[in-house]
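In this text, residue positions in the sequence shown follow the numbering used here: the first is 39, and each later residue adds one. For every residue, glycine included, the Cβ atom is placed at its ideal position computed from N, Cα and C.
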Amino acid sequence: MDLAETRSLLQKRLAQVEARLASACVRAGRERAQVTLVAVTKTVSAEIARLLPELGLLDLGENRPQELWRKAAALPATIRWHMVGHLQRNKAEATLPLVELIHAVDSERLLRALDEEAARQKRVVKVLLEVNVSGEGSKHGFTPDDAGRLPPMLASCRHVHALGLMTMAPLQPPEQCRPVFAALRTLRDQLRPQLAAPHTMGHLSMGMSNDFEVAVEEGATLVRLGTVLFEGIVS
Ligand SMILES: *Cc1c(COP(=O)(O)O)cnc(C)c1O
Numbered sequence: 039m040d041l042a043e044t045r046s047l048l049q050k051r052l053a054q055v056e057a058r059l060a061s062a063c064v065r066a067g068r069e070r071a072q073v074t075l076v077a078v079t080k081t082v083s084a085e086i087a088r089l090l091p092e093l094g095l096l097d098l099g100e101n102r103p104q105e106l107w108r109k110a111a112a113l114p115a116t117i118r119w120h121m122v123g124h125l126q127r128n129k130a131e132a133t134l135p136l137v138e139l140i141h142a143v144d145s146e147r148l149l150r151a152l153d154e155e156a157a158r159q160k161r162v163v164k165v166l167l168e169v170n171v172s173g174e175g176s177k178h179g180f181t182p183d184d185a186g187r188l189p190p191m192l193a194s195c196r197h198v199h200a201l202g203l204m205t206m207a208p209l210q211p212p213e214q215c216r217p218v219f220a221a222l223r224t225l226r227d228q229l230r231p232q233l234a235a236p237h238t239m240g241h242l243s244m245g246m247s248n249d250f251e252v253a254v255e256e257g258a259t260l261v262r263l264g265t266v267l268f269e270g271i272v273s
């Protein structure tokens, strides 16, 4: 497959995903504009990722910091980079200047490290807190039982702005993921009134290729899609 063929395949895939997103929004009585599609480019090269802004996709995600750094250096500065995977504290310094949003802040230690590093760099870092709703699969993340300690924890952070929550559903048939997504929404609705600016806590990053339509029906504002866009595309 040459680059032109890859481009037209991606265009077709994107149109299919857009149609599915639009239907899910209609079913949920939501506006399409309330959901941001983040294309997770971890399986493709920078050369292929570079086709995405031409197709109108400016929100791109990576799950490993080194790969995000590499692609950010190779792609236009107009890209909004989303760090969707686990971030080690020693990678914060180099990552902060490059990212629009860090999706998976999974511990108080990381939250505090990001707050300190952002203060040092005199910038603000927008984050989501990862919640391990199902208690299985990923070991990372806060649990719903942490809900009580999150508001005071965030209140003491000035450079980290918590924009919402993120979760990874276990790999299951999509309908079985619905309770996980609904629980994340409930947790957000519970936390939001307890937080003051700059912590807006409005966003829900949930839904991947396997389950994004159900996630949108349950209120996702960011869906993170890789396979459904890039399957079979070899860099
Ligand atoms: C890879 C990845 C995705 C995309 O997953 P697909 O199932 O390929 O759509 C989403 N979120 C995170 C954190 C990922 O690592």
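C-alpha gap between residue i and residue j, whole angstroms
i, j, result
"His199", "Leu148", "13 Å"
"Gln126", "Leu192", "19 Å"
"Glu85", "Ser273", "8 Å"
"Leu188", "Ser46", "45 Å"
"Arg58", "Asp144", "30 Å"
"Pro182", "Gln228", "11 Å"
Cβ neighbour criterion (16 or more within 10 Å) applied to residue i
i, result
"Leu203", "buried"
"Gly270", "exposed"
"Thr205", "buried"
"Arg262", "buried"
"Met336", "Residue 336 lies beyond the residue range present for the chain, which begins at 39 and ends at 273; the question has no answer from this structure."
"Leu52", "buried"
"Ser243", "buried"
"Asn128", "exposed"
"Ala60", "exposed"
Given residue i as reference, the closest of the options once Cα atoms are compared
i, options, result
"Leu184", "Arg216, Pro212, Glu146 and Leu166", "Residue 184 is actually Asp in this sequence, not Leu. Ranking the options by Cα distance to Asp184, first place goes to Glu146."
"Pro212", "Val169, Phe180, Lys109 and Glu251", "Glu251"
"Leu267", "Asn170, Glu155, Leu98 and Arg230", "Leu98"
"Ala234", "Pro190, Pro103, His241 and His141", "Pro190"
"Arg226", "Gln54, His241, Cys215 and Pro236", "His241"
"Glu275", "Ala151, Ala115 and Thr81", "Nothing in the structure corresponds to residue 275, since the chain is present only between 39 and 273."
"Arg158", "Arg196, Val122, Glu105 and Gly179", "Arg196"
"Val163", "Leu260, Leu188 and Met121", "Met121"
"Ile140", "Asn170, Ser194 and Arg102", "Arg102"
"Arg68", "Pro114, Arg88, Gly264 and Val254", "Val254"
"Glu92", "Leu41, Glu174 and Arg161", "Leu41"
Closer than 9 Å to chain D by CB, residue i
i, result
"Ala253", "Looking at the structure shown, chain D is missing, and only one protein chain is on hand."
Three or more C-beta pairs closer than 8 Å, one from the region 236 to 250 and one from the region 210 to 224: is that the case here?
yes
Under 8 Å, with one C-beta from each stretch per pair, do the region 92 to 112 and the region 74 to 81 reach the 3-pair mark?
yes
Please specify which runs of the alpha helix (DSSP H), each continuous and at least 4 residues long, are wholly inside the region 76 to 146, giving them in chain order.
84 to 87, 89 to 92, 103 to 112 and 130 to 133
Quick one: which unbroken alpha helix (DSSP H) runs of 4-plus residues sit fully inside the region 176 to 241? Chain order, please.
Correct list: 188 to 193 and 212 to 229.
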